[in-house]
Amino acid sequence: MSRKSVAVLDIRSSEVTVVVGERGVNNTFVFKGSKTEPYDGYEGGAFYDVPKLKDAIFRALNAVEKATSEHIRTLYIGVPGEFSTVLPREVETGFPKKRKIGEREVGEVFEKGKSELEGFRFIRATSMIFVTADNRRVVDPVGLPSTSLDGVLSYFYCTDYFAETMEKIFANMRIALKFLPTSFAMASYLIPSETRDEYAIFLDAGFLSSTISVILGGGVLAQRTFWVGKAQIAVLLMEEFDLPYDAACALLSKANLYAKGGESKMEFSFRGYTYEIDVQRLIATVKEGLDKICEAVGGFLDDCSGRELDYKPLYISGEGIYEIRGALEHIAGRIERVTEMLSPDLPYYNRPTMSSRIALIDMAYEDNRKGGMFSRLFNGFGG
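Quick note: the sequence shown uses the numbering used here, first residue 3, plus one each step.
Below you can see the structure in the form of structure tokens.
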């Protein structure tokens, strides 16, 4: 595979996608191959059916290699919130005398905060902010003279189960695996740096599970994953209208929470069958499902109480709610803050469903480009 290209495996809770791409002009991307395959998903920190997951990954991988006529040698794997955690730490490091801060000094700060976490594997460390001896708060301290360097850092981990499952799947293939935190990749790609510097709240709304994070600078201050998403709303519709599950998922795109009065019934056709749907019952059921998401978000924000988050908007991306007309407004009203849907600013890929794969390609490309530097800074840290 070309040195300019990176390969990513994006594992969502209902499908997997393999993408090979490289950076184009004006921070765009050129995608050489992409393939998405459905699978059964996960729950409670474990995949429902690992053999089926393996089959889906191999189908996607083989399709992309065939399309690009290239063998993938390094694969960046996105770790869903369900299988990851992040630990924020404040680290203080002093020097014998004033010196110009370089990569070595930054590496010492990261190394000092490193620790093992039982049941997890370290995958990444990032900085929220650095502070020099004269109390300068900076994102990048390299080149500044100081007698000390303190860091507010984020240490990302994935579960041993997830890492070992991936390693077993690729055991007989000559592919190096590197792990990336998906939700953080999405937030750092979609939310401008100047916004993240003043705290940002990001919800990766998924199919089976959703992850919410408080972002600060280049790191994560807090993160939590909930068993809420599009699938749970579809289950409510399935039960309310006695529909097959696939039909209930398709019905979600027909919901319009703006509807007031008008038609009391609507006809909904799916795979040759037509169903008569009560419009107000549809709206009420979808709102009930969205309220579960609101309760999860609200509880998390209550636990992260602090004036820094007051009036901060909630940014949302992912496949979970974007197709429900009026969902953003309903959530905004329930959690009492501005809510905004984010998607990649790229032609043909400007949908929230594309956010995770584009964000992972972006992070993988930067890691690959800065590979030498990362190796020096995080030698021994892991992917």
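For glycine and all other residues, C-beta sits at the position ideal for the given N, C-alpha and C. Just so you know, these numbers come straight off a predicted model, no measurement behind them.
When Cβ pairs closer than 8 Å are counted between the two stretches, the stretch 216–226 is seen not to touch the stretch 322–332, the count staying below three. As computed with DSSP, Gln225 is found in a beta bridge with Ser215.
Ala224 is not a Cβ neighbour of Arg327, given a cutoff of 8 Å.
When DSSP states are grouped into helix, strand and coil, Gly153 belongs to the strand group. Shown here, Arg91 sits in a strand according to DSSP, grouped into three states.
Where Leu55 is concerned, the enclosing alpha helix (DSSP H) starts and stops at 52–70. Counting only runs of 3+ residues, the beta strand (DSSP E) found wholly inside the stretch 174–213 occupies 178–183, 202–206, in chain order.
It is roughly 6 Å from the alpha-carbon of Gly121 to the alpha-carbon of Thr161. It is roughly 12 Å from the alpha-carbon of Pro315 to the alpha-carbon of Gly335. Fully contained in the stretch 15–42 are the following beta strand (DSSP E) runs of length 3 or more, in chain order: 17–25, 31–40. Annotated as distal: Leu179 and Glu166, with beta-carbon spacing of 8 Å or more. CA-to-CA, the gap between Leu77 and Phe302 works out to about 33 Å. Non-local beta-carbon contacts of Val88 in its own chain, meaning distances under 6 Å to residues more than five positions away in sequence, involve Ser156, Phe158, Val222, Gln225 in chain order. In terms of Cβ geometry, Leu119 and Phe132 do not form a close pair [threshold 8 Å]. Nearest Cα to Arg176 within the set Ile79, His73, Phe209: His73.
Inclusion of Pro40 and Ser16 in the CB contact set at 8 Å is warranted, their separation being smaller than that value. Where Tyr351 is concerned, there is no enclosing beta strand (DSSP E), because DSSP gives it neither an H nor an E.
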